[in-house]
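Structure first, then comments.
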Amino acid sequence: MLPPETVASATALLATVLPLLHLLLGLGLATWTLLFLFRIVLTWYPQVDLQQGVWRLFHGPTEPLLALTRRWVAPIGGVDVTPVIWLGLVSLLRELLVGQQGLLTMAIR
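Residue numbers (numbering that gives the first Met the number 0): 0 to 108.
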């Protein structure tokens, strides 16, 4: 069994680290959600070159995940559905970790 002072210091460390982790994870997952939303909207405009100009901000962070997923999920009716898949996965992960009933949220309380 651990000495009481070790348990107390570990609890204090968790009380300090968990809110910061909660905030950073929440912001990161929200950013990924927005990036995938933009990628969904940009699929409506196939003439836009995502590797040029400001569009690289949306293409660079998301394309590795989308390219990996395209190996298993073919376009449906000529439409790339991989951004929708990742939007759902990121939203689910965000809700499970930092949502109102998320694991980190409950651990902080």
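Every residue, glycine too, gets a C-beta built ideally from N, C-alpha and C.
- P82 counts as buried, since no fewer than 16 other beta carbons sit within 10 angstroms of its beta carbon.
- Setting aside the 5 residues that flank it on each side, E94 is surrounded in the same chain by G101, each with a C-beta closer than 7 Å to its C-beta; the list follows chain order.
- DSSP, read as helix, strand or coil, puts V72 in coil.
- Put simply, of W54, I84 and L103 the residue whose alpha carbon is nearest the alpha carbon of L64 is I84.
- Burial is judged here by how many other beta carbons sit within 10 angstroms of a residue's own beta carbon; T15 has fewer than 16 and is exposed.
- For G101, no alpha helix (DSSP H) encloses it, and the DSSP letter there is neither H nor E.
- Here DSSP, grouped into helix, strand and coil, assigns V78 to strand.
- Straight through space, the alpha carbons of R70 and L49 are spaced by roughly 20 Å.
- Taking the Cα positions, L26 is about 11 Å away from L19.
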